[in-house]
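Report on one structure; see the data block that follows.
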Amino acid sequence: MAYMDGFVIPVPKGNKERYREVAAYAAPIFIEHGATRVVECWANDIKPGKVNDFRTAVIAEEGEEVVFSWIEWPDKETRDAGSAKVMVDPRMQPKEGEDMPFIGARLIYGGFEVLVDASA
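Numbering (my numbering), first residue to last: 57 to 176.
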């Protein structure tokens with residue numbers, strides 16, 4: 057069954073287009089290394105929680121928005137091998153003097169095994 061990597065990321069609102077460009081650049085590289093789908097979503101309807109919510113989970117500050125994204129893999133073994141290849145792929149290495157458009161220190165991520173997968 058499929059395996060998912062999930063991400064919640066704070067991004068300065070002014071970096072939305074730059075984030076989209078970086079994500080669009082990286083997506084085919086993940087697919088080349090075995091991912092079957094890459095989805096990036098920009099928040100536009102996050103309600104404040106009574107205890108926690110997406111914004112507080114990543115300590116989003118004024119002027120930041122939240123990105124929710126996932127990468128779908130055929131299985132965990134493909135994900136482990138593919139992720140390792142992505143991390144050393146020269147195209148994914150930061151370019152000198154280029155900052156990432158998101159706040160990496162507050163990025164939340166993890167791998168998830170699928171429990172239910174329903175489609176229309």
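Glycine is no exception: its CB is placed at the ideal position from the N, C-alpha and C atoms. A quick note: this is a predicted structure, and the numbers were derived from the prediction, not measured.
Mind checking whether residue i and residue j have CB atoms under 8 Å apart?
i	j	result
A99	I127	no
V120	P68	Residue 120 is actually Glu in this sequence, not Val. Yes; because the gap between Cβ atoms is below 8 Å, this pair is in contact.
K132	H89	no
S125	E96	yes
M148	I102	no
V78	I87	no
Quick one: is residue i buried, meaning 16 or more other Cβ sit within 10 Å of its Cβ, or exposed?
i	result
Y59	buried
D61	buried
V172	exposed
R111	buried
V114	buried
A174	exposed
Based on DSSP bridge pairs, tell me the residues matched to residue i.
i	result
M60	E128 and F168
V122	P66
With a cut-off of 8 Å on the beta carbons, I'd call residue i and residue j a contact; round off their distance for me.
i	j	result
Y81	F158	That pair is no contact at about 14 Å.
V144	V64	So it is not a contact: roughly 25 Å between Cβ atoms.
P66	A137	Not confirmed; about 29 Å, so no contact.
G178	R135	In this structure the chain extends from 57 to 176, so residue 178 is not present and cannot be described.
For the beta strand (DSSP E) containing residue i, name the first residue and the last one.
i	result
A94	Per the sequence presented here, residue 94 reads as Val, with Ala not at that position. V94 -> beta strand (DSSP E) spans R93 to W98.
In terms of residue numbering, what span does the alpha helix (DSSP H) encompassing residue i cover?
i	result
I85	K72 to E88
R147	No alpha helix (DSSP H) holds R147; DSSP gives it neither H nor E.
F110	F110 to A113
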